[in-house]
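Written below as structure tokens is the structure these notes are about.
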Amino acid sequence: MTTPNFEIILANVNRHIHLDRTEVDYFLSLLQYKTFKKKEFILRPSEICRTENFIIRGCTKTYTLTELGAEHIVMFGVEDWWIGDLYSFLSQTPSTYYIEALENTEILQISKADLDTLYARVPKFERFFRILLQNAFIAQQKRIQQTLALTAEERYLDFVQKYPSLEQRLSQKQVAAYLGITPVFLSMLRKRLTQR
């Protein structure tokens, strides 16, 4: 079995809280290492999101499907990002999202029960996950505001500026589904921007 690289998650945690060796060891003991092949689902609608998931390697998309089968991508996840359906995780109710691996992906997972135990044993983790929750809420609010207020071109330019290396890992169809436009329109938009 492959030994996971814990350095990336420890660096992520250390951005907000400092852990001593005992706390590090306890935190790592609660994590489960999982791999997902490209196109494999981490979560499906009607399943309960039972873990918070940290990406060590790979890329994921979180999305919903319309009745006609059109994808609405809510977010992508890459190395050093936490992913999951927070509402489903916190309420332990069925999810409305698909989370799918776009590449072979390695994840470290922590269950809700283990996270609650972690809060009790190492209270500074409450601060860490509160900061993650705040950041996720701010990102969601910005995304809603941009969807309502920005043109397709402005949304695309913001996406490229915010995630410069991500676009190369995604298909045109996936980027379009995230921006809420058609792949044909995205192609025309890119062409127009390169001609400026």
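Residues 1 to 196 (our numbering) are what the sequence shown spells out, left to right.
We put the CB at the ideal spot given by N, CA and C, even for glycine.
For residue i, three-class secondary structure by DSSP
i: V74; result: strand
i: S95; result: coil
i: L133; result: helix
i: R21; result: helix
i: Y33; result: strand
i: E153; result: helix
i: F125; result: helix
i: K142; result: helix
i: S187; result: helix
i: I9; result: helix
i: T117; result: helix
Counted within 10 angstroms of its Cβ, other Cβ atoms place residue i as buried (16 or more) or exposed
i: P94; result: exposed
i: P4; result: buried
i: F137; result: exposed
i: R155; result: buried
i: T60; result: buried
Identity of the residue in the options nearest residue i by Cα
i: K34; options: F27, R44 and G58; result: G58
i: S46; options: Q92, F125 and V184; result: Q92
i: L150; options: V24, R130, M75 and I181; result: I181
i: Y178; options: W82, Q168, Y163 and E71; result: E71
7 Å CB neighbourhood of residue i in its chain, flanking five on each side removed
i: K38; result: A101, L102, E103 and N104
i: V13; result: L19 and F128
Close Cβ partners of residue i (< 6 Å) along its chain, the five nearest in sequence each way excluded
i: F41; result: E100
Residue i versus residue j - alpha carbon distance
i: L28; j: I73; result: 31 Å
i: G77; j: A113; result: 24 Å
i: V133; j: Y97; result: For clarity, residue 133 is Leu in the given sequence; the question names Val instead. Spanning the two alpha carbons is a distance of roughly 18 Å.
i: T64; j: K142; result: 19 Å
i: V175; j: E23; result: 40 Å
i: F159; j: L115; result: 32 Å
Chain-order list of residues whose beta-carbon lies under 8 Å from that of residue i (same chain, five-residue window excluded)
i: G84; result: L43, C49, T51, E52, N53 and I99
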